[in-house]
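Here's the structure, in structure tokens; my notes come after.
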Amino acid sequence: VKNRILAIHKKELYFDGQICKEASINDIDLDKVKEFVKKAKEARKFNAYRLSPKSILNKLRLIRDGKVTNACILLFGKNPQDYFIQASIKCVRFNGIDITSDMLDFKDVEGDLFTQVDDAEKFIFNNIAKRAWIEEGKIERQERWDYPPEALREALINAIAHRDYRASGKIQIRIYDDRIEFWNAGKLPEGWSIDTLRREHNSEPFNPLIFKIFYLAGFVEEMGSGTNKIIELCKDYGLPEPEFGISGNSIFIKIRKDIFTDDYLKQLGLNERQIKAVMYVKERGRITNKEYQKVCNISRQMATIDLKDLVDKGIFIKTGKAGRGIAYQLTKLPNK
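In the numbering used here, the protein residues as written are -15 to 320.
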């Protein structure tokens, strides 16, 4: 009986649905509400054009009895940090592969949650690389980000929608030379483990009102597919499966830049010369037989054997015409 009572009143316990006692409708930017309605109409055919912004907020339960909820302030507030100073995102680009490395770029992203999505996304794409090349026989230039853009956006929105806004810690986005990490103050639903995130699972949002608004805006799906989508997008892109974990009061996801790590290459049976060559190509984009000889200090015959093995294992692809025009580049996915 006790559990049933708790279940009935559970919605009242969610932080985003509680009344923000010090705030009023005057703290809400009604133009932001109108912008949301445009997004929702396009994404979910949400029809509320005949309603005033205040009526829309009432309809969506973001206002109750004339009082604004925490979700209303976070989503549409003029200055949400006046009430929730912790509701921001710390974005850092490190010059290296660990947190002790020097910072190349830093931004503390504030504002309403829609603004945070836009500004944090801009920071991310300003601090990761996009490679460009022209394939033989093609006129159009090919382009590719270090990470699948859709997966990064999914991870970002997931962090914003599911964070514990009562916690003092900020969302953190840490960009390293070899990976990007999203750290989020919060906890998993009762009975869940990290493995649950890797499997098909129901949607149990930590902030139901915020999640609903993000759903209507087309930012998320209702069926709890976010983490599964990130995993599939990374695999399809040729990246390792993202790492999910819990550290203290935070949940994190780490997305590595590529699948060709030292450990993975050793598992494929590559020798030290070949691994060195892979790292060379990751940095410079290609390698010739002559460059391989020089980098590894070996004969042409040995370089030819090593390079053929790398092609056979699906690590390299051979490009160019015969002779000096031949070069080797990384494939997107190794053969299984």
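Just so it is clear, CB atoms sit at the ideal spot from N, CA and C, and this is done for glycine as well.
According to the Cβ coordinates, are Glu138 and Ile214 closer than 7 Å? Yes, they are a contact pair.
According to the neighbour-count rule (16 or more other Cβ atoms, all chains shown, within 10 Å of its Cβ), is Ile(-11) buried or exposed? Low per-residue confidence applies at Ile(-11): pLDDT is 38, beneath 50, and the placement is therefore not dependable enough to give any value.
Chain-order list of residues whose beta-carbon lies under 8 Å from that of Pro140 (same chain, five-residue window excluded): The sequence as given places Leu at residue 140; Pro does not occur at that position. Hits under 8 Å: Val101, Ala104, Glu105, Ile108, Ile157, Phe166.
Given a threshold of 16 other Cβ atoms within 10 Å of its Cβ, counted over all protein chains shown, does Ser152 qualify as buried or as exposed? Ser152 sits exposed, since fewer than 16 C-beta atoms from the chains shown fall within 10 Å of its C-beta.
Quick check on the burial criterion: 16 or more other C-beta atoms within 10 angstroms. Buried or exposed for Ala(-9)? Model confidence at Ala(-9) stands at a pLDDT of 43, short of 50, so the residue's coordinates are unreliable; what they give is reported in the following sentence. Result: exposed.
Between Gly298, Pro189, Pro226, Thr272, which lies nearest to Ala306 when the distance is taken from Cα to Cα? The alpha carbon of Ala306 has as its nearest neighbour, out of Gly298, Pro189, Pro226, Thr272, the alpha carbon of Thr272.
Alpha carbon of Ile321 to alpha carbon of Asp247, nearest angstrom: Here the chain covers residues -15 to 320 and nothing more, so residue 321 does not appear.
Terminal residues of the beta strand (DSSP E) in which Ile230 lies: For Ile230, the enclosing beta strand (DSSP E) has its first and last residue at 227 to 231.
Just to confirm, are Gly202 and Ala27 a CB contact at a threshold of 7 Å? In this structure, Ala27 lies closer than 7 Å to Gly202 by Cβ.
When the Cβ atoms of the region 249 to 260 are set against those of the region 284 to 300, are three or more pairs found closer than 8 Å? Yes, the region 249 to 260 is in contact with the region 284 to 300.
Contacting residues, own chain, Cβ-Cβ under 6 Å from Pro224 (five flanking each side not counted): For Pro224, where only same-chain residues beyond five positions count, the Cβ hits under 6 Å are Arg240, Ile243.
Determine the extent of the beta strand (DSSP E) in which Cys4 is found, giving its start and end residues. From DSSP, Cys4 is part of no beta strand (DSSP E); its letter is neither H nor E.
To the nearest angstrom, how far is the alpha carbon of Asp343 from that of Asn79? Nothing can be reported for residue 343: it is not among the residues displayed for the chain, which extend from -15 to 320.
Going by DSSP, what residue range makes up the alpha helix (DSSP H) through Phe198? Per DSSP, Phe198 belongs to the alpha helix (DSSP H) from 192 to 200.
Would a C-beta distance cut-off of 7 Å place Phe300 and Tyr149 closer than the cut-off? No, the Cβ-Cβ distance between Phe300 and Tyr149 is not below 7 Å.
Alpha-carbon spacing of Pro132 relative to Asp220, whole angstroms: The alpha-carbon atoms of Pro132 and Asp220 are separated by roughly 9 Å.
I'd like to know whether the C-beta atoms of Lys154 and Ser234 end up nearer to each other than 7 Å. Cβ distance not < 7 Å, so Lys154 and Ser234 don't count as in contact.
Mapping DSSP to helix, strand and coil, what is Val210? According to the sequence provided, residue 210 is Gly. The question's Val does not apply to it. Correct three-state label for Gly210: helix.
Can you look up Gln70 in the DSSP assignment and give me helix, strand or coil? Of the three classes helix, strand and coil, the one that applies to Gln70 here is coil, per DSSP.
Distance between Lys250 and Phe190 (C-alpha atoms, nearest Å): Phe190 and Lys250 have their C-alpha atoms roughly 41 Å apart.
Would you mind reading off the limits of the beta strand (DSSP E) that contains Ala169? If you look at Ala169, you'll find it in the beta strand (DSSP E) that goes 163 to 169.
DSSP three-state assignment for Phe20, whether helix, strand or coil: For Phe20, the three-state secondary structure derived from DSSP is helix.
Residues of its chain near Ile194, where Cβ-Cβ distance is below 6 Å and the 5 sequence neighbours each way are ignored: Cβ within range, chain order: Asp0, Ala55, Ala145.
Can you tell me whether DSSP reads Ala32 as helix, strand or coil? Ala32 falls in the coil class under three-state DSSP.
Phe90, buried or exposed, once every other Cβ within 10 Å from all chains shown has been counted against 16: With fewer than 16 other Cβ atoms within 10 Å, it is exposed.
The alpha helix (DSSP H) spanning Val93 covers which residue range? Premise fails: Val93 lies in the beta strand (DSSP E), 87 to 93, not in any alpha helix (DSSP H).
Relative to the C-alpha of Val93, which residue among Asp15, Leu136, Ile69 is closest? For Val93, the nearest C-alpha among the options comes from Ile69.
If you run the structure through DSSP and keep just helix, strand and coil, what is Ala135? In the structure shown, Ala135 sits in a helix (DSSP, three-state: H, G or I).
Quick check: Gly170 and Arg147, are their CB atoms within less than 7 Å of each other? Taking 7 Å as the cut-off, the beta carbon of Gly170 is found closer than this to the beta carbon of Arg147.
By Cβ distance below 6 Å, which residues in the same chain neighbour Ile164 in space, the five residues on each side in sequence not counted? Excluding residues within five positions, the ones whose Cβ falls inside 6 Å are Ile239.
Give a yes or no on whether the C-beta atoms belonging to Ala135 and Leu217 are separated by under 7 Å. Contact check for Ala135 against Leu217 passes: the beta carbons are separated by less than 7 Å.
Reduced DSSP category for Phe300 - H, G, I as helix; E, B as strand; rest coil: In this structure, Phe300 counts as strand in the three-state DSSP scheme.
Can Arg125 and Ala116 be called in contact, C-beta distance under 7 Å? By the CB criterion at 7 Å, Arg125 and Ala116 fall inside the cutoff.
Is the separation between the beta-carbon of Lys51 and that of Ile3 shorter than 7 Å? With respect to Ile3, Lys51 sits close: the two C-beta atoms are nearer than 7 Å.
Neighbourhood of Gly304 by C-beta, 6 Å cutoff - its chain only, sequence neighbours within 5 removed: Excluding positions up to five away in sequence, the list reads Ile310, Ala311.
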